[in-house]
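Numbering (this note's numbering), first residue to last: 170 to 358.
Ideal placement from N, C-alpha and C gives every residue a C-beta, glycine not left out.
Keep in mind the model is a prediction, meaning the values are calculated, not measured.
First comes the structure, then the notes that go with it.
In C-alpha coordinates form, the structure reads like this:
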(Lines of atoms letter the chains of each structure in order from A and count residues from 1; the text may use other names and numbers.)
(Lines give C-alpha, C1' and ligand atoms only; values in the text may rest on other atoms or scores of the structure.)
Protein backbone atom coordinates (compact mmCIF):
# COMPACT_ATOMS: atom_id res chain seq x y z
CA UNK A 1 0.00 0.00 0.00
CA UNK A 2 1.19 3.53 -0.76
CA UNK A 3 0.51 5.62 2.36
CA UNK A 4 1.45 8.88 0.61
CA UNK A 5 -0.01 8.59 -2.88
CA UNK A 6 -2.80 6.07 -2.30
CA UNK A 7 -3.34 2.83 -4.11
CA UNK A 8 -1.17 -0.26 -4.05
CA UNK A 9 2.32 -1.03 -5.29
CA UNK A 10 3.18 -4.12 -7.28
CA UNK A 11 5.61 -5.21 -4.55
CA UNK A 12 5.47 -5.28 -0.75
CA UNK A 13 7.48 -3.04 1.55
CA UNK A 14 9.68 -5.96 2.62
CA UNK A 15 10.56 -6.85 -0.98
CA UNK A 16 14.21 -6.57 -2.04
CA UNK A 17 15.38 -2.98 -2.64
CA UNK A 18 14.24 -1.68 -6.02
CA UNK A 19 15.10 1.48 -7.93
CA UNK A 20 11.40 2.22 -8.23
CA UNK A 21 8.19 0.54 -7.11
CA UNK A 22 5.47 0.36 -9.72
CA UNK A 23 1.72 0.72 -9.34
CA UNK A 24 -0.45 -1.04 -11.88
CA UNK A 25 -3.28 1.41 -12.64
CA UNK A 26 -4.18 0.84 -16.30
CA UNK A 27 -6.04 -2.08 -17.82
CA UNK A 28 -4.25 -3.90 -20.61
CA UNK A 29 -4.81 -7.51 -21.65
CA UNK A 30 -5.46 -8.05 -17.94
CA UNK A 31 -7.28 -5.71 -15.52
CA UNK A 32 -5.12 -3.35 -13.49
CA UNK A 33 -3.96 -4.50 -10.08
CA UNK A 34 -5.29 -1.37 -8.38
CA UNK A 35 -8.64 -1.66 -10.17
CA UNK A 36 -8.97 -5.29 -9.08
CA UNK A 37 -7.90 -4.42 -5.52
CA UNK A 38 -10.50 -1.62 -5.32
CA UNK A 39 -13.22 -3.91 -6.69
CA UNK A 40 -12.33 -6.77 -4.33
CA UNK A 41 -12.15 -4.44 -1.32
CA UNK A 42 -15.54 -2.91 -2.17
CA UNK A 43 -17.20 -6.32 -2.54
CA UNK A 44 -15.53 -7.69 0.60
CA UNK A 45 -16.54 -4.59 2.57
CA UNK A 46 -20.15 -5.04 1.44
CA UNK A 47 -20.17 -8.76 2.16
CA UNK A 48 -18.65 -8.41 5.63
CA UNK A 49 -20.21 -5.09 6.66
CA UNK A 50 -16.78 -3.52 7.21
CA UNK A 51 -16.94 0.12 6.04
CA UNK A 52 -13.18 0.57 6.41
CA UNK A 53 -12.70 -1.80 3.46
CA UNK A 54 -15.10 0.27 1.36
CA UNK A 55 -13.16 3.36 2.43
CA UNK A 56 -9.89 1.77 1.33
CA UNK A 57 -11.45 0.90 -2.04
CA UNK A 58 -12.69 4.46 -2.46
CA UNK A 59 -9.28 5.89 -1.47
CA UNK A 60 -7.60 3.66 -4.07
CA UNK A 61 -9.93 5.00 -6.75
CA UNK A 62 -9.49 8.56 -5.52
CA UNK A 63 -5.73 8.20 -6.03
CA UNK A 64 -6.47 7.22 -9.63
CA UNK A 65 -9.13 9.91 -10.24
CA UNK A 66 -7.06 11.88 -12.76
CA UNK A 67 -6.52 8.76 -14.83
CA UNK A 68 -10.19 7.75 -14.58
CA UNK A 69 -11.17 11.16 -15.92
CA UNK A 70 -8.63 11.35 -18.76
CA UNK A 71 -8.19 7.71 -19.77
CA UNK A 72 -11.52 6.00 -19.14
CA UNK A 73 -10.87 3.38 -21.84
CA UNK A 74 -7.79 2.19 -19.93
CA UNK A 75 -9.65 2.16 -16.62
CA UNK A 76 -12.50 -0.30 -17.10
CA UNK A 77 -11.85 -2.37 -13.97
CA UNK A 78 -11.50 0.74 -11.82
CA UNK A 79 -14.74 2.14 -13.24
CA UNK A 80 -16.50 -1.13 -12.38
CA UNK A 81 -15.26 -0.73 -8.79
CA UNK A 82 -16.47 2.88 -8.72
CA UNK A 83 -19.87 1.83 -10.07
CA UNK A 84 -20.12 -0.82 -7.35
CA UNK A 85 -19.27 1.72 -4.63
CA UNK A 86 -21.59 4.47 -5.88
CA UNK A 87 -24.38 1.95 -6.31
CA UNK A 88 -26.89 0.81 -6.23
CA UNK A 89 -25.32 -2.42 -5.09
CA UNK A 90 -27.24 -5.31 -3.58
CA UNK A 91 -26.72 -8.03 -1.02
CA UNK A 92 -28.59 -11.23 -1.81
CA UNK A 93 -28.92 -13.84 0.93
CA UNK A 94 -30.30 -17.29 0.14
CA UNK A 95 -31.40 -18.99 3.37
CA UNK A 96 -32.32 -22.67 3.16
CA UNK A 97 -34.41 -24.45 5.76
CA UNK A 98 -33.34 -27.86 7.03
CA UNK A 99 -36.02 -29.57 4.89
CA UNK A 100 -34.77 -32.24 2.51
CA UNK A 101 -35.81 -30.34 -0.63
CA UNK A 102 -34.48 -26.96 0.55
CA UNK A 103 -30.90 -27.58 -0.59
CA UNK A 104 -32.14 -28.50 -4.06
CA UNK A 105 -34.28 -25.35 -4.08
CA UNK A 106 -31.20 -23.36 -3.04
CA UNK A 107 -29.22 -24.88 -5.91
CA UNK A 108 -31.97 -23.92 -8.36
CA UNK A 109 -32.17 -20.38 -6.97
CA UNK A 110 -28.41 -19.92 -7.17
CA UNK A 111 -28.33 -21.28 -10.73
CA UNK A 112 -31.24 -19.04 -11.77
CA UNK A 113 -29.42 -15.98 -10.43
CA UNK A 114 -26.27 -16.95 -12.32
CA UNK A 115 -28.19 -17.05 -15.60
CA UNK A 116 -29.32 -13.43 -15.24
CA UNK A 117 -27.31 -10.25 -15.69
CA UNK A 118 -27.26 -8.49 -12.35
CA UNK A 119 -24.09 -6.48 -11.76
CA UNK A 120 -23.10 -4.94 -8.43
CA UNK A 121 -24.21 -7.69 -6.11
CA UNK A 122 -22.75 -9.95 -3.46
CA UNK A 123 -24.39 -13.29 -2.72
CA UNK A 124 -24.38 -15.35 0.46
CA UNK A 125 -25.98 -18.74 0.96
CA UNK A 126 -26.80 -20.10 4.42
CA UNK A 127 -28.56 -23.09 5.93
CA UNK A 128 -30.92 -22.00 8.68
CA UNK A 129 -30.33 -25.10 10.82
CA UNK A 130 -26.68 -24.22 11.37
CA UNK A 131 -26.07 -22.38 14.60
CA UNK A 132 -24.71 -18.86 14.75
CA UNK A 133 -21.53 -20.28 16.26
CA UNK A 134 -20.75 -21.91 12.91
CA UNK A 135 -21.04 -18.57 11.16
CA UNK A 136 -17.78 -16.70 10.56
CA UNK A 137 -17.68 -13.44 12.52
CA UNK A 138 -17.16 -11.48 9.32
CA UNK A 139 -20.58 -12.56 8.00
CA UNK A 140 -22.56 -11.91 11.18
CA UNK A 141 -23.74 -8.46 10.02
CA UNK A 142 -24.97 -9.73 6.65
CA UNK A 143 -26.75 -12.84 7.94
CA UNK A 144 -28.08 -11.55 11.27
CA UNK A 145 -31.82 -12.14 11.74
CA UNK A 146 -32.23 -13.77 8.34
CA UNK A 147 -34.09 -17.06 8.71
CA UNK A 148 -35.94 -19.28 6.28
CA UNK A 149 -39.65 -19.89 6.27
CA UNK A 150 -40.54 -23.39 7.50
CA UNK A 151 -39.59 -26.02 4.91
CA UNK A 152 -38.80 -23.42 2.27
CA UNK A 153 -36.05 -21.36 0.72
CA UNK A 154 -36.18 -17.68 1.69
CA UNK A 155 -34.35 -15.02 -0.32
CA UNK A 156 -33.47 -11.62 1.09
CA UNK A 157 -32.68 -8.85 -1.40
CA UNK A 158 -31.07 -5.90 0.34
CA UNK A 159 -29.50 -2.60 -0.64
CA UNK A 160 -26.92 -1.22 1.79
CA UNK A 161 -28.39 -3.35 4.57
CA UNK A 162 -32.05 -2.42 4.00
CA UNK A 163 -33.97 -5.49 2.90
CA UNK A 164 -37.12 -5.81 0.85
CA UNK A 165 -39.86 -8.20 1.93
CA UNK A 166 -38.31 -11.70 1.93
CA UNK A 167 -39.21 -13.96 -0.98
CA UNK A 168 -40.41 -17.42 0.05
CA UNK A 169 -39.76 -20.34 -2.26
CA UNK A 170 -38.07 -20.78 -5.60
CA UNK A 171 -41.17 -19.77 -7.59
CA UNK A 172 -41.31 -16.36 -5.86
CA UNK A 173 -37.57 -15.88 -6.48
CA UNK A 174 -37.90 -16.73 -10.18
CA UNK A 175 -40.89 -14.37 -10.49
CA UNK A 176 -38.92 -11.59 -8.79
CA UNK A 177 -35.99 -12.05 -11.19
CA UNK A 178 -38.28 -12.04 -14.23
CA UNK A 179 -40.00 -8.85 -13.04
CA UNK A 180 -36.63 -7.21 -12.40
CA UNK A 181 -35.40 -7.99 -15.90
CA UNK A 182 -38.70 -6.82 -17.41
CA UNK A 183 -38.57 -3.48 -15.57
CA UNK A 184 -34.96 -2.92 -16.66
CA UNK A 185 -35.87 -3.57 -20.30
CA UNK A 186 -38.66 -0.99 -20.07
CA UNK A 187 -36.25 1.63 -18.75
CA UNK A 188 -34.17 1.27 -21.93
CA UNK A 189 -37.15 1.62 -24.28
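- Within a 10 Å sphere around the beta-carbon of residue 260 sit 16 or more other beta-carbons, which makes this residue buried.
- Counting only runs of 4+ residues, the alpha helix (DSSP H) found wholly inside the stretch 235 to 312 occupies 245 to 255, 271 to 283 and 309 to 312, in chain order.
- Straight-line measurement puts the Cα of residue 320 at about 32 Å from the Cα of residue 257.
- Put simply, the backbone Cα of residue 220 is about 13 Å away from that of residue 311.
- In the three-state scheme derived from DSSP, where H, G and I count as helix and E and B as strand, residue 217 is classed as helix.
- Non-local C-beta neighbours of residue 263 in its own chain, meaning closer than 6 Å and more than five positions away in sequence, comprise 275, 278, 294 and 324, ordered along the chain.
- Residue 325 is bridged by DSSP to 262.
- Taking a 10 Å sphere around the C-beta of residue 286, we find fewer than 16 other C-beta atoms and assign the residue as exposed.
- By the 16-neighbour rule on beta-carbons within 10 angstroms, residue 255 is exposed.
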